[in-house]
Amino acid sequence: MANKKKIPIRKCVMSGEMKPKKEMIRIVRSKEGVVSIDPTGKKSGRGAYLSKDKDVILLAKKKNILAAQLHTEIESSFYDELLRLVEREKLLSDEK
Numbered sequence: 001m002a003n004k005k006k007i008p009i010r011k012c013v014m015s016g017e018m019k020p021k022k023e024m025i026r027i028v029r030s031k032e033g034v035v036s037i038d039p040t041g042k043k044s045g046r047g048a049y050l051s052k053d054k055d056v057i058l059l060a061k062k063k064n065i066l067a068a069q070l071h072t073e074i075e076s077s078f079y080d081e082l083l084r085l086v087e088r089e090k091l092l093s094d095e096k
């Protein structure tokens, strides 16, 4: 019997959907209060996951969901950075 590797599942803080970790973006707030995108998923700090979906990110920006989840201020430019990241990844996957 093949030993199947367990795929980590995470919940999107905006949509509530459960998806494989690879299909999500992790946003982390460090102890110092610095909010950043965590591409490795290994940074220490309080993390929140968002689906790699433009509409989800736009809705999260509108509702400022990350500020509530991470208990800190989030600049609107941070959401723009997330959108650019998702667009870039989408372009790369479409090329394959």
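Okay, so the sequence shown: first residue is 1 according to UniProt numbering, each after it adds one. Yeah, the Cβ is synthetic: ideal placement off N, Cα and C, and Gly gets one too.
- In terms of Cα proximity to E23, the closest of G45, R29, V56 is V56.
- DSSP, reduced to helix, strand and coil, places S44 outside both helices and strands of the structure shown, so it counts as coil.
- In the DSSP secondary-structure assignment, V35 is bridged to R29.
- Using a Cβ distance threshold of 8 Å, L70 and I37 do not count as a contacting pair.
- At the C-beta level, M18 and L50 stay beyond 8 Å of one another.
- Rounded to the nearest angstrom, the gap between the Cα atoms of K6 and K61 is 32 Å.
- Taking a 10 Å sphere around the C-beta of R84, we find fewer than 16 other C-beta atoms and assign the residue as exposed.
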